[in-house]
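For the sequence shown, the numbering used here begins at 18 and goes up steadily by one. Every residue, glycine too, gets a C-beta built ideally from N, C-alpha and C. Below is one structure, written out as structure tokens, with a few remarks after it.
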Amino acid sequence: MVSEKRAHKLKRVVPRPNSYFMDVKCSGCFNITVVFSNSQSVVTCPGCSTVLCQPTGGRARLTEGCSFRKKIN
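So this is what it looks like as structure tokens:
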């Protein structure tokens, strides 16, 4: 099962993407915002306007102090 997760997304028995949506909690006002893991734009908190994540080449980088969890469905 571990090797199944490490395999390329098209070489798995059931192909599925590596990206996911996640709930990100702001460290300042504790609002929860839904963010895509491979987001290509800067995401700010709607409550206090702090930056939650910044885009990189692939995955978005969360700012220091923000916590997240993967959304199941």
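Tell me the residue span of the beta strand (DSSP E) that contains residue i.
i   : result
R86 : 84 to 87
K42 : 38 to 42
F5  : The shown model of the chain, from 18 to 90, leaves out residue 5, and the question about it has no answer.
Give me whichever residues DSSP pairs with residue i in a beta bridge.
i   : result
C70 : V60, L79
Are the CB atoms of residue j and residue i within a distance shorter than 9 Å?
i   : j   : result
C62 : T73 : no
V41 : V52 : yes
G82 : S44 : yes
R78 : C70 : yes
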